[in-house]
Amino acid sequence: MTTGKKNTLGVAMFAALAAALPFLLTNDYYVSTLILAFLNAIIVIGLNLLLGYAGQISLGHGAFYGLAAYTTAILTTTYGWPMEAGLVAGVLLTVVTAYLIGIPTLKLSGHYLAMATLGFGLIVYIVFNESIELTGGPSGFVGVPRLELFGFAFESDLSYYFLVAGVLTLIVLLSLNLIDSRIGRAMRAIHTSEKAAEVSGIDIAAYKRFIFVLSAGYAGVAGVLYAHYLSFVAPSSFGFHFSVTLIVMVVLGGMANVWGAVAGAIFLSVLPEFLRAFEDIETLLYGGILVLGMMYLPDGIAGGITRLFKAAMARRVPHE
Amino acid sequence: MDLASILQYLVSGLTVGSTYGLTALGFTIIFNTTGVINFAQGEFVMLGGMLSVFFMKALGLALVPAIVLAVMVSVAVGAVFERFTIRPVKNASVIQLIIITIGVSILIRGLAMLAWGKDTFALPHFSGMQPIHIGGAAMLPQTIWVLAITLAMLAGLKLFFSSTIYGKGMLACSYDVKAAFLVGIDVRRMVLLSFMISALVGAVGGAILAPLTLTSYDVGILLGLKGFAACITGGLGNPFGAAAGGLILGVLESFGAGFISSAYKDAFTFIILLLLLFVKPSGLFGQASSDRV
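As you go down the protein sequences, you meet chains A and B in turn.
Each step along the first sequence adds one to the number in the numbering used here, with nothing skipped, and position 4 is -16.
Numbers in the numbering used here are just positions in the second sequence, counted from 1, shifted up by 974.
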């Protein structure tokens, strides 16, 4: 089977599963948890493209998520913009910010890039907290209208679930195709060796910026959907802690694995809902996953399972 | 903008700045021997303060023994950290190492939160709280302690690197690890030592600042970040640049808070950090060479 066919099959199976899930989980609370988990998955896929495929770290992705959420919230609520315009403006501002930040930032690498993105994330977080007249400050921005697109109001959680699941499926499809494309190969080349990639004629700066902007764009899409789902945004949802949580999801799911990103995001978003006592040890657990994951499973659980599977298959073949 | 308030901002800026400088010094020591930026450096600072408070309360120790014990425990944490998370990963990429040290910082912070809760704690001032007045500015005795101990640590490190065999070994590692190994330096021991010394420097910083700024399980994040900003300001890899960078950032932050807006106090540091990274990643006192970048 070609990778293209495999991708289509995988996406179709995922779409079918996502469509069936709400009928298995009849509780509204579960549906709401899944919506938030899917939104996280959208951001984590983007971060995984950046971190796993292109090998560039960002510790400021929470800021892109927040930037989009606050933009549409403020424009549609305070300034009464139509919702469609608010959504577009939210994503657009995020993408433009990422482009502008990306020009100087992506010249840096390793520790410097990590710190620059972290610094950017913190500045945005501080602005959310301190420009109280615009954002409502630490207590948050309330009264964001629920999503209404071209006359259709997403009143019920279930309708919102299907929308978010649809967007996630599209993002998965787009990302899988991107990885199999010329851009994907260029990204992997950059990850392996920037110098070798440059020598073989790849414009590494342009590719890095593209993937940075794209992944910020994913975060933006998730951000605007988040704002119009919860009707409330607060700085604490977009801080350093959230940016690190996103990295944990990438690492747990497996670097350079789109499905891993989806699995990691959903698993770590849903897990706390099942473990009541989890709140106290959540931080410990995240720290542990990061340390052990990076030490022993750098390609994450998905990668680890694939490796085990391949090893088992390799052992079986000679007997046949 | 009268002279007294300028003086006041200068004093408080230098005080906070010296902690940034001490944190930055910790970063530099590890970076020089291993090429790793330890994102958990701020947690050593937190441990210094929190453990001192804990040993005073739980064991009923006096201030000085409590701080000494806290610093010793932090050094042990630094050693365990290196031994069990950094040493086992060979050929790790920079991103892998960044994520590991972030993981360790989250682990330490999580353990501190479980052990001591989310409250803020204060350590008593070393020698009372009667302010000393100099030219219209009030200066707490603790400020003098902070500045004096920072200077003493700097002098001690200078001596360590220039005239002890271990210090020279660590310097050799910072120039070229392979060459150091070939001339018979136990590189592994030097790396372990560098983590222990940065834990020591960080923990001392945490203990001397705790009386002024209070301490809690999560003070490490911001201190670590500002420490790194100080490193970049001074030129990563240059210990005295790092200390100077800390002082410069502390003073800029203090003036920014005083004259522009105290709400955006923390943002100033990061704006300066970003500008420096974009314009001159080698830092104010760094060489123009981009070898390390």
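Positions of the beta carbon are idealized from the N, C-alpha and C atoms, including for glycine.
This one's a predicted model, so the numbers in the text were calculated from it and none came from an experiment.
With a threshold of 8 angstroms between beta carbons, is residue i in contact with chain B?
{"i": "residue 31(A)", "result": "yes"}
{"i": "residue 199(A)", "result": "no"}
{"i": "residue 147(A)", "result": "no"}
{"i": "residue 94(A)", "result": "yes"}
{"i": "residue 275(A)", "result": "yes"}
{"i": "residue 41(A)", "result": "no"}
{"i": "residue 231(A)", "result": "yes"}
{"i": "residue -6(A)", "result": "no"}
{"i": "residue 151(A)", "result": "no"}
{"i": "residue 91(A)", "result": "yes"}
How many Å lie between residue i and residue j at the Cα?
{"i": "residue 97(A)", "j": "residue 70(A)", "result": "20 angstroms"}
{"i": "residue 1030(B)", "j": "residue 1146(B)", "result": "40 angstroms"}
{"i": "residue 243(A)", "j": "residue 1019(B)", "result": "36 angstroms"}
{"i": "residue 284(A)", "j": "residue 277(A)", "result": "6 angstroms"}
{"i": "residue 63(A)", "j": "residue 3(A)", "result": "29 angstroms"}
{"i": "residue 95(A)", "j": "residue 170(A)", "result": "20 angstroms"}
{"i": "residue 985(B)", "j": "residue 1236(B)", "result": "16 angstroms"}
{"i": "residue 153(A)", "j": "residue -15(A)", "result": "12 angstroms"}
{"i": "residue 1215(B)", "j": "residue 1178(B)", "result": "19 angstroms"}
{"i": "residue 987(B)", "j": "residue 995(B)", "result": "12 angstroms"}
{"i": "residue 1136(B)", "j": "residue 1049(B)", "result": "22 angstroms"}
{"i": "residue 46(A)", "j": "residue 1188(B)", "result": "30 angstroms"}
{"i": "residue 1257(B)", "j": "residue 1211(B)", "result": "10 angstroms"}
{"i": "residue 237(A)", "j": "residue 31(A)", "result": "11 angstroms"}
{"i": "residue 177(A)", "j": "residue 1013(B)", "result": "29 angstroms"}
{"i": "residue 1253(B)", "j": "residue 1203(B)", "result": "14 angstroms"}
{"i": "residue 1094(B)", "j": "residue 1240(B)", "result": "19 angstroms"}
{"i": "residue 1208(B)", "j": "residue 1225(B)", "result": "14 angstroms"}
{"i": "residue 156(A)", "j": "residue 1081(B)", "result": "34 angstroms"}
{"i": "residue 210(A)", "j": "residue 219(A)", "result": "17 angstroms"}
{"i": "residue 142(A)", "j": "residue 1064(B)", "result": "45 angstroms"}
{"i": "residue 1138(B)", "j": "residue 1125(B)", "result": "19 angstroms"}
{"i": "residue 245(A)", "j": "residue 182(A)", "result": "32 angstroms"}
{"i": "residue 132(A)", "j": "residue 262(A)", "result": "38 angstroms"}
{"i": "residue 1069(B)", "j": "residue 224(A)", "result": "13 angstroms"}
{"i": "residue 1122(B)", "j": "residue 1182(B)", "result": "10 angstroms"}
{"i": "residue -5(A)", "j": "residue 149(A)", "result": "6 angstroms"}
{"i": "residue 1002(B)", "j": "residue 1205(B)", "result": "7 angstroms"}
What residues match up with residue i in a beta bridge as DSSP calls it?
{"i": "residue 301(A)", "result": "No answer is possible for residue 301(A): it lies beyond the span of chain A, which begins at -19 and ends at 300."}
{"i": "residue 1118(B)", "result": "In DSSP, residue 1118(B) forms no bridge with anything."}
{"i": "residue 1113(B)", "result": "1106(B)"}
{"i": "residue 30(A)", "result": "In the DSSP output, where bridge partners are listed per residue, residue 30(A) has none listed."}
{"i": "residue 213(A)", "result": "121(A)"}
{"i": "residue 132(A)", "result": "129(A)"}
{"i": "residue 1095(B)", "result": "1189(B)"}
Could you check if residue i is buried or exposed, using at least 16 other CB atoms within 10 Å of its CB as the buried criterion?
{"i": "residue 1213(B)", "result": "buried"}
{"i": "residue 198(A)", "result": "buried"}
{"i": "residue 1149(B)", "result": "exposed"}
{"i": "residue 28(A)", "result": "buried"}
{"i": "residue 162(A)", "result": "exposed"}
{"i": "residue 982(B)", "result": "buried"}
{"i": "residue 279(A)", "result": "buried"}
{"i": "residue 300(A)", "result": "At residue 300(A) the pLDDT is 42, less than 50, meaning the model places this residue with poor confidence; the figure from the coordinates comes in the next sentence. So residue 300(A) ends up on the exposed side."}
{"i": "residue 1168(B)", "result": "buried"}
{"i": "residue 1054(B)", "result": "exposed"}
{"i": "residue 122(A)", "result": "exposed"}
{"i": "residue 1158(B)", "result": "exposed"}
{"i": "residue 1078(B)", "result": "buried"}
{"i": "residue 1110(B)", "result": "exposed"}
{"i": "residue 9(A)", "result": "exposed"}
{"i": "residue 1264(B)", "result": "Because the pLDDT at residue 1264(B) is just 42, under 50, the model does not fix this residue reliably, and the value given afterwards should be weighed accordingly. Counting Cβ neighbours within 10 Å, residue 1264(B) comes out exposed, since fewer than 16 surround it."}
Would a check of beta-carbon distances place residue i closer than 8 angstroms to chain A?
{"i": "residue 1070(B)", "result": "yes"}
{"i": "residue 1247(B)", "result": "yes"}
{"i": "residue 1175(B)", "result": "no"}
{"i": "residue 1238(B)", "result": "yes"}
{"i": "residue 1263(B)", "result": "A caution first: residue 1263(B) carries a pLDDT of 44, below 50, which makes its placement in the model unreliable, though a value can still be read off. Residue 1263(B) does not count as touching chain A."}
{"i": "residue 1061(B)", "result": "no"}
{"i": "residue 1078(B)", "result": "yes"}
{"i": "residue 1255(B)", "result": "yes"}
Members of the segment 252 to 272 of chain A near chain B, C-beta cut-off 9 angstroms: Those residues of the segment 252 to 272 of chain A that come within reach of chain B (Cβ to Cβ, closer than 9 angstroms) are 260, 261, 262, 263, 264, 265, 266, 267, 268, 269, 270, 271 and 272.
Chain-ordered residues of the segment 212 to 223 of chain A with a beta carbon less than 7 angstroms from chain B: Of all residues in the segment 212 to 223 of chain A, only 220 come within less than 7 angstroms of chain B when Cβ atoms are compared, listed by chain position.
Contacting positions in the segment 1042 to 1059 of chain B - beta carbon closer than 7 angstroms to chain A: If you check each beta-carbon in the segment 1042 to 1059 of chain B against every beta-carbon of chain A, the ones closer than 7 angstroms belong to 1059.
Where the segment 160 to 182 of chain A meets chain B: residues whose CB sits under 7 angstroms from a CB there: Residues: none.
The segment 1214 to 1227 of chain B: positions lying closer than 9 angstroms to chain D by Cβ: Structure shown: chain D not included; protein chains present are A and B.
Residues within the segment 1087 to 1104 of chain B neighbouring chain A, beta-carbon criterion of under 8 angstroms: For the segment 1087 to 1104 of chain B, residues whose beta-carbon sits nearer than 8 angstroms to a beta-carbon of chain A comprise 1087 and 1088.
Residues in the segment 1128 to 1162 of chain B having any Cβ partner in chain A nearer than 9 angstroms: Look at the segment 1128 to 1162 of chain B: it has no residue with a C-beta under 9 angstroms from a C-beta of chain A.
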